[in-house]
Ligand SMILES: [Fe+3]
Ligand SMILES: [Fe+3]
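Chains as they are written, first to last, in our numbering: chain R, 16 to 167; chain V, 16 to 167; chain S, 6 to 297; chain Y, 6 to 297.
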């Protein structure tokens, strides 16, 4: 298709466009269902059984069960929908967003208090900012995996 | 309000604008409910009880019970919504439309086969076409009431 | 690239669907209506589209007073025939074209048309009657419509409805969108609804044969002038439900002779024109145009 | 006649609502955020509007993937605070202004903006947090918001979102609509959302203080240039959710210095400007402009 997708070159970012929306349709509809207290209760009582009521892919279900929001997003989830899972777990938006960086909750919170993530090196894929793929995971987790030689 | 409502001078015609829509909200929502077979059954089993489940005015309920579509429209109904009542009764759009003219079903049908209602005299309120207020009801009903001296 | 090759215009009277579903097409009343589509059914076979972009209006079926989109584009994989109160019409499920629909949505929104994107919508007679007229009777289970359909719903139920000019301009944006789609697809665009009819009040049954035919002449030959018809003219001359005709201008605006709001290119070929009174409460109009 | 006298701009971070609802406003973390609104709460009392036209975005609350309106105007009598998963916020029900809202809808649609009209909508933090910030804490039952609110929801969740330019033009159409309403009403228009933030992926937590402040300068002093900011700049410079800022341009476009897309009249008075990092994941920005 000849339409521009100029947002494809932004690191660490998935823009929720029609393609993503199609992919994530049932995952996101499942999330919407958690806006009812009774559905939250049913989900918490038996997550797998509740997920099986939805036409989600097995991968989407696994991503939800693992509470891996990056994985959820790769399968078409959008953060505003996925936030309903976090809310069901009693998590804040800060905890949810932070969980996608590899940082601990405290590390992420401290980064925000210190002024947030810098834009430098994070505008285009291929630069060397903190959001670039070669610098994942971030925080202590990143230093550890780096020290253990798991990353170049 | 300073917005134009140029459609106010068309005879025998209520344009479904925001004002009408507000007035008819619950009447029209009730009609929408008849798109489910089980609701049609419940309505047919006890019309009054079913109507009482909706926040309609008493006048709206009376208009529905009387199957008086002109009355329904004056209380904010729109024909596409009201058509669901007719459908529930097994009526066609032609029967519903005709019922608003005072003509019998056959008279209305014959008018349509003969080319429909003429536009002449029916463009502006104050002319003397068949849709003007002084010429109601139409068909044999009109001739009768006219003959009986009930109209000027 | 994808290309709009033809446009089809037709009334979408619910009674026509009922006549087909109840096997009444050979009755004296209905024969002349369906005869007007004999050419069209053959033309559909000879010019089978890959996708139909079908402009129609919802009649308080998918959309209630709770939510009224001015323009809604369907990007779903399929659409069920709606139960409008008589039970759903016995016709095949309507398959969508999510990829092209999403592409058009994106392009048209970026051209400053503020569409509503819809992924769940039952489709009423406004969409299924034109398909039935152009494709003939089909078994709801064993048969299928000849190609995917992108439903495009226009609000003509609650005032204010979009102007004919806005619809005409939208058609041009849709054409631009289709032509920026990489896959080779033969796309037809259909405008449905109308012609003169009024379903309410003492003026119910209004038909204006002269006005209808003058409007058709203009739609075909002087579309920019046709697009300038003010809203009140439709209501006054063609009945309160005659306003549906603005939807035809979307299809007309998408034809390749239109550039910058004017008919500048070679005129489209008029393949078929038909007019008949009545079908139920309504004047039936039908036109097929092919791009030159 | 009705008149827009002022515009208010503010972020609508959900954690701000939670901090208020849980009585945390005096904690060290939150103090500086709420201090930025002390002026504003007094200003609201001194300049009480009759109606607030509140531009916000729904965060997959009232609208799912089933239906995504680009622009939706609320014409209902009231709106319930939504349950976004944590339970509904304990704030008063939001009363609408059906007459003015319908009037604006009609006028704006006739100015070629293809609105969706909504009569049933729960409102999420995007709408209630700005109200809480500007009005202070209120008892959900005993208190009420100071005036009716017309909710105006913009799609910034699923791409493509409307451009800043389209939003800016829409603001002008809204002003024209308000000024054609006969009743004397003092109307405020609020633009909410932003500023820089990203809630997803490895780039979560992005803040761009420099860009935010340059954008604010431009919004206030050179709005036509601000409106020309391309979509991709918001995503790249202000984070994937920074795109919410286009909604501020609707409010800015409705101010009386704007004519024909340019700032030609006397500049509005800057009554208040505030910027703080962070509130949760987000840079908080806040501006109050009064018409001269
Ligand atoms: Fe129709
Ligand atoms: Fe937001």
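Cβ atoms here follow ideal geometry from the backbone N, Cα and C, with glycine treated the same way.
- Assignment of residue 103/R by DSSP, reduced to helix, strand and coil, places it in the helix class.
- Assignment of residue 222/Y by DSSP, reduced to helix, strand and coil, places it in the helix class.
- At least one heavy atom of ligand 1 lies closer than 7 Å to the C-beta of residue 131/S.
- Proximity to residue 267/S across 136/S, 170/S, 248/S peaks at 170/S, based on C-alpha coordinates.
- Residue-level contact check: residue 52/Y does not touch chain V, since none of the beta carbons of chain V fall below 8 Å from its beta carbon.
- It is roughly 20 Å from the alpha-carbon of residue 27/R to the alpha-carbon of residue 217/Y.
- Taking C-beta atoms as the reference points, residue 101/S and residue 87/S fail to come closer than 8 Å.
- Apart from sequence neighbours up to five positions away, no residue of its chain approaches residue 60/R with a beta-carbon distance below 6 Å.
- Taking all protein chains in view, the Cβ of residue 128/V is surrounded by fewer than 16 other Cβ atoms within 10 Å, so the residue is classified as exposed.
- If you check the C-beta of residue 291/S against ligand 1, you find no heavy atom less than 7 Å away.
- Per DSSP, residue 13/S is one residue of the beta strand (DSSP E) stretching across 8 to 15.
- By the 16-neighbour rule on beta-carbons within 10 angstroms, residue 246/Y is buried.
- DSSP places residue 78/Y in no alpha helix (DSSP H) but in the uninterrupted beta strand (DSSP E) bounded by 76 to 79.
- Around the beta carbon of residue 162/R, fewer than 16 other beta carbons lie within 10 angstroms, which makes this residue exposed.
- For the C-beta of residue 49/R, the chain Y residues within less than 7 Å are, from N- to C-terminus, 90.
- Assigned with DSSP and collapsed to three states, residue 29/Y falls in coil, not helix or strand.
- Our two residues, residue 136/S and residue 18/S, have alpha carbons roughly 12 Å apart in a direct line.
- Think of a sphere of 7 Å around the beta carbon of residue 211/S: the chain V residues whose beta carbon falls inside it are 131, 132, 134, 137, in chain order.
- For residue 20/S, the closest C-alpha among the options 220/S, 129/S, 125/S, 119/S is that of 129/S.
- Relative to ligand 2, even the nearest heavy atom lies 7 Å or more away from the CB of residue 102/S.
- Between residue 12/Y and residue 196/Y the beta-carbon gap is near 7 Å, inside 8 Å, which marks them as a contact.
- Of the heavy atoms belonging to ligand 2, none sits nearer than 7 Å to the Cβ of residue 90/Y.
- Residue 133/Y counts as buried, since at least 16 other C-beta atoms from the protein chains shown sit within 10 angstroms of its C-beta.
- Going by DSSP, residue 253/S is part of the alpha helix (DSSP H) stretching over 251 to 258.
- Assignment of residue 283/Y by DSSP, reduced to helix, strand and coil, places it in the strand class.
- Look at the stretch 37 to 69 of chain V: the residues with a C-beta under 9 Å from a C-beta of chain Y are 37, 40.
- Measuring C-alpha to C-alpha distances from residue 63/S to each of 94/V, 57/V, 114/V, 71/V identifies 94/V as the nearest.
- Put simply, the CB of residue 103/S is near chain R, with a gap under 8 Å to one of its CB atoms.
- Taking the Cα positions, residue 70/Y is about 19 Å away from residue 124/Y.
- Burial of residue 103/Y is indicated by the presence of at least 16 other C-beta atoms within 10 angstroms of its C-beta.
- Inside the stretch 102 to 145 of chain Y, DSSP marks whole alpha helix (DSSP H) runs of 4 or more residues at positions 103 to 115, 130 to 140, from first to last along the chain.
- In the DSSP assignment, residue 86/R falls within the alpha helix (DSSP H) that extends over 84 to 89.
- At least 8 Å separates the CB of residue 191/S from every CB of chain R.
- According to the DSSP assignment, residue 48/Y belongs to the alpha helix (DSSP H) that extends over 43 to 51.
- Under the three-state reduction of DSSP, residue 190/S is assigned to coil, being neither helix nor strand.
- For residue 156/R, there are no neighbours in chain Y by C-beta distance under 8 Å, as the nearest C-beta there is about 12 Å away.
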